[in-house]
Each structure stands twice: as structure tokens, then as C-alpha cells.
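Residue numbers (my numbering): 4 to 61.
One structure is given here, and the rest of the page talks about it.
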Amino acid sequence: MAHKKAGGSTALGRDSESKRLGIKIFGGEKVQTGNVIVRQRGTKYHPGKNVRVGSDDT
4 MAHKKAGGST ALGRDSESKR LGIKIFGGEK VQTGNVIVRQ RGTKYHPGKN
54 VRVGSDDT
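Next up, the structure:
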């Protein structure tokens with residue numbers, strides 16, 4: 004009878020899915036109401052005139 008231990012799974016080796024953060028609308032582009040200009044974590048970019056911040060700091 005052959006004796007071979009089963010290969011165990013590793014605890015490491017996984018990566019999180021990218022969150023697609025960053026600037027979505029660049030200078031000179033036209034925007035409409037409701038367009039996302041920047042996706043961010045925290046307020047790296049602050050809103051200007053007639054711009055609001057979403058619940059996820061968008």
C-alpha cells in the first residue's frame with residue numbers, strides 16, 4: 004500500500020480584487036448631473052463649486 008500524504012492548501016497566495024479607484028473625468032471633459040468625477044478612499048480630492056461628495060467619498 005502506497006503512503007503519500009495529501010497536499011494541504013496554503014494560507015497565503017491570494018490577492019484582493021482591484022477597486023478601480025482614481026480620476027474618471029479629466030480636464031476639459033463635459034459632465035452631467037450624477038457623473039462620477041473621482042473614485043477615492045478618504046477625501047484626497049475635495050469638492051469644488053456645485054460638486055458633492057458621495058457616501059463612499061466619491
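We treat Cβ as the ideally placed atom computed from N, Cα and C, and that holds for glycine.
Predicted model only: the values in this text are computed from it and were never measured.
Asked: G25 - DSSP class collapsed to helix/strand/coil; Found: strand
Asked: For R42, the residue or residues it bridges with in DSSP; Found: G25
Asked: Residue of D59, N53 and S12 minimising C-alpha distance to V34; Found: N53
Asked: Proximity below 7 Å, CB of P50 to CB of V41; Found: no
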